[in-house]
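First residue of the sequence shown: 1, per full-length UniProt numbering; consecutive thereafter.
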Amino acid sequence: MSDSELLSRILQEVVDLKSKNAQLESKIDSLAAAAAAGGGSIPVGSPSSHARRGSHSSGLTPILHGVTGTSGTVGGAQHPVEPSSALLKSPPPQPLGPSALTSSSSAPSKELPAATTNSSAATASAFGVESGEVAGKSAKRNADIEAYFANTRVILTSYPNQVGIDPYPLSFGHPDPQVRGPVLASRHPGSIKLRNAIGTYGGSYMVYRALASAIGDLSPDFRPDFTNTEPPFDIPQQPEWGDPYKICTLDPFGHIPQVLFKKQIDEGLDVRPTIAATKAHIKMPELDDALKLGRLSIDGKIVIASTHLPGMDPRQDPGCEVNTSKISVEPVWYLPGVAHRLGISEGTLRRALFEETGGMYPELLTRHDLSVFLPPITGATVYIFGDPAYLSDPTKELTARVHDECNGSDVFGSDICTCRPYLLMGIEEAVKCAQRGGVGLIVYFRKEGRALGETIKYQVYNARKRGNDTASEYFNRTSRIAGVKDSRMQPLMSDILVWLCGTKRKLDRLISMSDMKYDAITAAGIQVGTRYEIPEDRLPADSRVEIDAKIQAGYYSTRAVTEEDLKKVVGRGWENVHQ
Numbered sequence: 001m002s003d004s005e006l007l008s009r010i011l012q013e014v015v016d017l018k019s020k021n022a023q024l025e026s027k028i029d030s031l032a033a034a035a036a037a038g039g040g041s042i043p044v045g046s047p048s049s050h051a052r053r054g055s056h057s058s059g060l061t062p063i064l065h066g067v068t069g070t071s072g073t074v075g076g077a078q079h080p081v082e083p084s085s086a087l088l089k090s091p092p093p094q095p096l097g098p099s100a101l102t103s104s105s106s107a108p109s110k111e112l113p114a115a116t117t118n119s120s121a122a123t124a125s126a127f128g129v130e131s132g133e134v135a136g137k138s139a140k141r142n143a144d145i146e147a148y149f150a151n152t153r154v155i156l157t158s159y160p161n162q163v164g165i166d167p168y169p170l171s172f173g174h175p176d177p178q179v180r181g182p183v184l185a186s187r188h189p190g191s192i193k194l195r196n197a198i199g200t201y202g203g204s205y206m207v208y209r210a211l212a213s214a215i216g217d218l219s220p221d222f223r224p225d226f227t228n229t230e231p232p233f234d235i236p237q238q239p240e241w242g243d244p245y246k247i248c249t250l251d252p253f254g255h256i257p258q259v260l261f262k263k264q265i266d267e268g269l270d271v272r273p274t275i276a277a278t279k280a281h282i283k284m285p286e287l288d289d290a291l292k293l294g295r296l297s298i299d300g301k302i303v304i305a306s307t308h309l310p311g312m313d314p315r316q317d318p319g320c321e322v323n324t325s326k327i328s329v330e331p332v333w334y335l336p337g338v339a340h341r342l343g344i345s346e347g348t349l350r351r352a353l354f355e356e357t358g359g360m361y362p363e364l365l366t367r368h369d370l371s372v373f374l375p376p377i378t379g380a381t382v383y384i385f386g387d388p389a390y391l392s393d394p395t396k397e398l399t400a401r402v403h404d405e406c407n408g409s410d411v412f413g414s415d416i417c418t419c420r421p422y423l424l425m426g427i428e429e430a431v432k433c434a435q436r437g438g439v440g441l442i443v444y445f446r447k448e449g450r451a452l453g454e455t456i457k458y459q460v461y462n463a464r465k466r467g468n469d470t471a472s473e474y475f476n477r478t479s480r481i482a483g484v485k486d487s488r489m490q491p492l493m494s495d496i497l498v499w500l501c502g503t504k505r506k507l508d509r510l511i512s513m514s515d516m517k518y519d520a521i522t523a524a525g526i527q528v529g530t531r532y533e534i535p536e537d538r539l540p541a542d543s544r545v546e547i548d549a550k551i552q553a554g555y556y557s558t559r560a561v562t563e564e565d566l567k568k569v570v571g572r573g574w575e576n577v578h579q
């Protein structure tokens, strides 16, 4: 097919799409008119429908797959960059439309009354016990909220070069934060036209923020007061902070935007931290046991004696607790870096994210000019024992464990896996390393059930216990239910270690048997010294199926497990199973 024939064919498809789009809009207008004639409320139209009527585009941004990338310079280093042809141009400039909110201060919007300081009205209404006064205020409040959302223009998506769209400059990967600029993912009225990132702050908790806004507890134009919120300890900048292909799943400056970009925030930009750090004590019964058995000792600095709680028998030893520095990290993805790390094209990544989030983020397809995405997932918590500055000091010993969440074991002590005892072993060894003058590190990822979720996890448990729970079928049970045995994407895991430690130091003691985690850490450029497996005397009663299956699949171990061995390893059955 010649170029002219191909062009003609494309143009004809565009004409067909425009025709179909016009037909759909005509139907919507007819439905709206019918609703109005019948005395009903007229639906709020798509914010882009009027703009698209004056547009020469279907409003669709095609994504090409399987495009071979070229190389380019990002953050001072050479990296493969997907050609622009992989993400075709978006529609021509379109008006964004006025916002119903104009306030850019922390003061509540004039269009919506200030959020209540408590939810007494909502609570009373929920239980049907409203007083006349509360009921009146609640009804007025609900009417104000409904009026606000009904009269505020809905913005379904946006496009590059659209009228009113002017992303705040962001050069993700630049080592100078002032040159790089802030990550701005807010839909606040003062920031929505300047957004330079897809998604929103708060990860999965954005849904609860929406509910708080819907019931009137949270004003839509609320702005945080960041006074005294900065970290109580320093996190030294590493050279890798300037390379978005070495750190592509978090914002290296996400812990201090309220400091770095205070001027912009004061001027009305709704920039928010995606990382927070604080200090704390942790107390766990296994650490008390380690103290009693002499594996831990009280030094008064890292491990301190616990005090007697009110009502506690004064003759009882209160045990110990541990000083720690901890960091909460929400994900911020540089999409080209994530795609490169996973070995796929950026177009494929964007399309998959769009589809699997139920079309929640159309800007993944319409805004190819935005390379940063805040996904709606939880991130990780970091626990540091000893001086945090030692993490990047190659002269200091470093002991670490990277742990993926297992609520059933970590919190409630289930004995079907090794998660809690291995986590506690990691904490104990990290504490002892700090007491020796080094530093200990625990990275706790929120990836429940190998990032498949707890609901799938429990279905797998049911299938195991209703069948012959053999180690040879351990991974197959999961694959048959979830379609995949593991979705944790461990190649992305190493970013937190690189952020904190850099790549010019050695991880002296790794408390992990996982081959996937080891491969990800070493692929990031971090050397690993000694790996430690969980001792036999720490294995829970029903965990042999899991640990033997993992050893046979590649987990580090001093013992060998064959496929024949797996057939002989059988887990505990249910005492009473109702078929």
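Where is the CB? At the ideal position from N, CA and C, for every residue including glycine.
Does DSSP classify residue i as helix, strand or coil?
{"i": "E146", "result": "helix"}
{"i": "R153", "result": "coil"}
{"i": "Q264", "result": "helix"}
{"i": "L296", "result": "coil"}
{"i": "T324", "result": "strand"}
{"i": "D527", "result": "Checking the sequence shown, residue 527 turns out to be Gln, not Asp. If DSSP states are grouped into helix, strand and coil, Q527 belongs with the strands."}
{"i": "A107", "result": "In this prediction, A107 has a pLDDT of 40, which is less than 50 and means its spatial position is unreliable; nothing more can be read from the coordinates."}
{"i": "R509", "result": "strand"}
{"i": "F412", "result": "coil"}
{"i": "T404", "result": "Per the sequence presented here, residue 404 reads as Asp, with Thr not at that position. Correct three-state label for D404: strand."}
{"i": "T399", "result": "strand"}
{"i": "I441", "result": "This sequence places Leu at residue 441; Ile is not what is there. Strand."}
{"i": "H340", "result": "helix"}
{"i": "Q172", "result": "The residue asked about is misnamed: residue 172 is Phe in this sequence, not Gln. Residue state, collapsed to three classes: coil."}
{"i": "T278", "result": "strand"}
{"i": "I481", "result": "helix"}
{"i": "residue 640", "result": "Here the chain has residues from 1 to 579 only, and residue 640 is not among them."}
{"i": "I256", "result": "coil"}
{"i": "G181", "result": "coil"}
{"i": "V207", "result": "helix"}
{"i": "I304", "result": "strand"}
Grab me the residues of residue i's own chain with a C-beta within less than 7 Å of its C-beta, minus the 5 sequence neighbours each way, in chain order.
{"i": "C233", "result": "It is Phe, not Cys, that sits at residue 233 in the sequence shown. Once the five neighbours on either side are set aside, the close Cβ partners of F233 are A277, S325, P388."}
{"i": "K485", "result": "F475, T478, S479"}
{"i": "G386", "result": "I302, A434, G438, V439, G440"}
{"i": "I247", "result": "E240, W241, D495, V498, W499"}
{"i": "R420", "result": "S409, D410, G413"}
{"i": "E533", "result": "M513, Y556, S557, T558"}
Return the Cβ separation of residue i and residue j in integer angstroms, given the expectation that the two are a contact with Cβ distance under 8 Å.
{"i": "G440", "j": "A434", "result": "5 Å"}
{"i": "A380", "j": "I496", "result": "6 Å"}
{"i": "K457", "j": "M493", "result": "That pair is no contact at about 19 Å."}
{"i": "G190", "j": "D266", "result": "Contact flag wrong, Cβ pair sits at about 12 Å."}
Once the 5 residues before and after residue i are set aside, which same chain residues still bring their CB inside 8 Å of it?
{"i": "A339", "result": "E82, S345, E346, T348, L349"}
{"i": "V259", "result": "E230"}
{"i": "P362", "result": "L156, T157, F354"}
{"i": "Y461", "result": "I416"}
{"i": "Q178", "result": "L260"}
{"i": "D313", "result": "none"}
Of the residues the options, which one's Cα is nearest the Cα of residue i?
{"i": "I192", "options": "Y168, H174, A210, D176", "result": "Y168"}
{"i": "E230", "options": "I327, R195, D495, P314", "result": "I327"}
{"i": "V382", "options": "R401, D393, S371", "result": "R401"}
{"i": "residue 580", "options": "E240, I302, Q264", "result": "Here the chain comprises residues numbered 1 to 579, so residue 580 is not present and cannot be evaluated."}
{"i": "G502", "options": "D176, E5, Q238, G216", "result": "Q238"}
{"i": "D515", "options": "P535, R544, E536, Y556", "result": "Y556"}
{"i": "Y334", "options": "M360, S171, L211", "result": "S171"}
{"i": "P175", "options": "G202, Y208, D393, Y245", "result": "Y245"}
{"i": "F226", "options": "K263, L293, K432, Y205", "result": "K263"}
{"i": "residue 588", "options": "D299, I235, D288, V163", "result": "For residue 588 there is no data in the structure shown, the boundaries of the chain being 1 and 579."}
{"i": "K567", "options": "Y532, E473, I547", "result": "E473"}
{"i": "R505", "options": "P491, T249, L391, P273", "result": "L391"}
{"i": "R187", "options": "P220, C320, L293, I215", "result": "P220"}
Less than 6 Å between C-beta atoms, sequence neighbours within five positions excluded: which residues of the same chain meet that for residue i?
{"i": "D508", "result": "E397, L398, G529"}
{"i": "E429", "result": "T399, I511"}
{"i": "Q12", "result": "none"}
{"i": "Y422", "result": "I534"}
{"i": "A212", "result": "L218"}
Counting contacts by CB-CB distance shorter than 9 Å, is residue i in contact with chain B?
{"i": "L566", "result": "Of the protein chains in the structure, only one exists, and it is not chain B."}
Quick check: is any heavy atom of the ligand ZN less than 8 Å from the C-beta of residue i?
{"i": "T470", "result": "Of ligands this structure carries none, so the ligand ZN is not represented either."}
Segment contact, 8 Å Cβ cut-off, at least three pairs: the region 561-578 with the region 458-469: yes
How about the region 177-184 and the region 245-255: do they share at least three Cβ pairs that are nearer than 8 Å? yes
Quick test of the definition: if touching needs 3 or more C-beta pairs under 8 Å, does the region 407-427 touch the region 534-546? yes
Taking 8 Å as the threshold, find out whether the region 368-377 comes into contact with the region 194-207 through three or more Cβ pairs. yes
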